[in-house]
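Colleague: This structure is in structure tokens; I'll ask about it shortly.
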Amino acid sequence: MSPAPAQVRLLLVDDHPLMRDGIAALVQRQPDLHVVGEASNGVEAVERFAELQPDVTLMDLQMPRMDGLQAITLIRKQSPRAKVLVLTTYKGDIQAWRALKEGAVGYLVKTALRASLLEAIRTVHAGGRWVPADIAVDIARHAGDEMLTDREVEVMRYIAQGHSNREVGALLSVAEDTIKSRVKSILLKLNARDRTHAVTIALQRGLLQL
């Protein structure tokens with residue numbers, strides 16, 4: 001009788017206990033998968049990874065104390081061969097591109113967990129990558145686009161909150177003309193018609209989160 005195959009050891013990282021419980025319930029029915037630990041934020045994720053050395057880490061992006069992107073960076077510094085599969089509510093290509101750039105080997109939207117999670121885990125553990133086709137297409141479509149600067153993203157956040165150029169300037173302690181110039185740059189980079197259209201695009205692509 002041949003021995004049972006080794007189980008894939010998983011670390012679950014998400015700030016919502018119900019999400020972790022749901023993933024654990026889905027995984028525990030699989031003979032080849034085993035949850036060895038959980039974390040509720042990026043700081044805990046880095047600590048638990050160092051302690052447990054899981055085969056695959058399932059990583060949320062939006063978390064308190066330290067976000068998932070920062071955690072991926074630190075985990076990959078600890079262990080360059082670490083396999084991190086991002087689980088997120090955001091489909092935006094920019095979030096996916098950033099996660100993959102930091103070393104994630106897969107990107108899965110939470111609405112697709114029940115249909116794709118198990119296959120995604122097994123794929124990345126076997127050395128493959130997991131990026132849904134629609135997100136891969138969006139990443140490729142925008143590959144040559146100029147990225148917004150950190151200052152431009154900050155301006156976008158205030159615009160999304162309904163502030164005028166003058167108000168944004170006051171909040172950032174810069175002249176209104178400086179904000180007008182940044183808004184023009186934002187519209188050009190996002191190929192947006194106006195401020196409202198720019199906010200819509202930024203939300204769709206994952207530059208902003210509500």
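UniProt numbering applies: residue 1 is where the sequence shown begins, and numbers increase by one. Yeah, the Cβ is synthetic: ideal placement off N, Cα and C, and Gly gets one too. Since this is a predicted model, take the numbers as computed values, not measurements.
Is the distance from the Cβ of L10 to the Cβ of L58 below 8 Å?
Modeller: Against a cut-off of 8 Å, the Cβ pair of L58 and L10 comes out as a contact.
Colleague: At the level of alpha carbons, what is the spacing between I186 and A202?
Modeller: Near 10 Å, if we compare the C-alpha coordinates of A202 and I186.
Colleague: Closer than 8 Å is the cut-off here; do at least three beta carbon pairs connect the stretch 146–153 with the stretch 127–138?
Modeller: No: the two stretches stay apart, fewer than three of their Cβ pairs being nearer than 8 Å.
Colleague: G37 by DSSP, collapsed to three states: which one?
Modeller: Strand.
Colleague: Just to confirm my understanding: we take N41, look at its own chain, exclude 5 residues before and 5 after, and list those with CB closer than 7 Å. What are they?
Modeller: Cβ within range, chain order: D15, M63, P64, R65 and M66.
Colleague: Between which two residues does the beta strand (DSSP E) containing G106 stretch?
Modeller: Looking at the DSSP string, the run of the beta strand (DSSP E) that includes G106 is G106 to V109.
Colleague: Given V109, which residues of its chain have a CB within under 6 Å of its CB, disregarding the five upstream and five downstream residues?
Modeller: So the list reads K91, once near-sequence residues are dropped.
Colleague: Helix, strand or coil for L87 per DSSP?
Modeller: Three-state result, L87: strand.
Colleague: Sorted by chain position, which residues of the same chain lie with C-beta nearer than 6 Å to A192's C-beta, five sequence neighbours on each side aside?
Modeller: Within the same chain, A192 has close Cβ partners A198 and I201.
Colleague: Mapping DSSP to helix, strand and coil, what is V131?
Modeller: Note: V131 maps to coil in three-state DSSP.
Colleague: So what's R193 in DSSP terms, helix, strand or just coil?
Modeller: Coil.
Colleague: Given this structure, state the Cα-to-Cα distance separating T196 from H34, to the nearest angstrom.
Modeller: Their backbone Cα atoms lie some 46 Å apart in a straight line.
Colleague: Leaving out the 5 sequence neighbours to the left and right, which residues in its chain are closer than 8 Å to L69 when beta-carbon positions are compared?
Modeller: So the list reads L61, R98, A99 and E102, once near-sequence residues are dropped.
Colleague: In this structure, what does DSSP give as the bridge partners for V8?
Modeller: DSSP, once it has assigned bridges, lists L33 as partnering V8.
Colleague: Please go through the same chain and pick out, in chain order, the residues whose beta-carbon is closer than 6 Å to the beta-carbon of A45, but skip the five residues on each side of it.
Modeller: The residues are V13, A39 and A71.
Colleague: With a Cβ-Cβ cutoff of 8 Å, do G160 and L208 count as a contact?
Modeller: Position check: residue 160 holds Ala in this sequence, whereas Gly was assumed. In contact: A160 and L208 (Cβ atoms closer than 8 Å).
Colleague: Do you know how far the Cα of R48 is from the Cα of R114?
Modeller: Whole-angstrom Cα-Cα distance: 25 Å.
Colleague: Expressed to the nearest angstrom, what Euclidean distance is found between the alpha-carbon atoms of V27 and L118?
Modeller: Answer to the nearest angstrom: the Cα atoms are 7 Å apart.
Colleague: Going along the chain, which unbroken runs of the alpha helix (DSSP H) with 4 or more residues stay wholly within the UniProt domain "HTH luxR-type" (141–206)?
Modeller: Qualifying alpha helix (DSSP H) stretches, in chain order: 150–160, 165–172, 176–190 and 195–205.
Colleague: Can you tell me where the alpha helix (DSSP H) holding L100 begins and where it ends?
Modeller: Start and end: D93 to K101.
Colleague: Pull up the CB-CB distance for L87 and V124, whole angstroms please, since I reckon it's below 8 Å.
Modeller: Their Cβ separation, rounded to whole angstroms, is 12 Å, which puts L87 and V124 out of contact at 8 Å.
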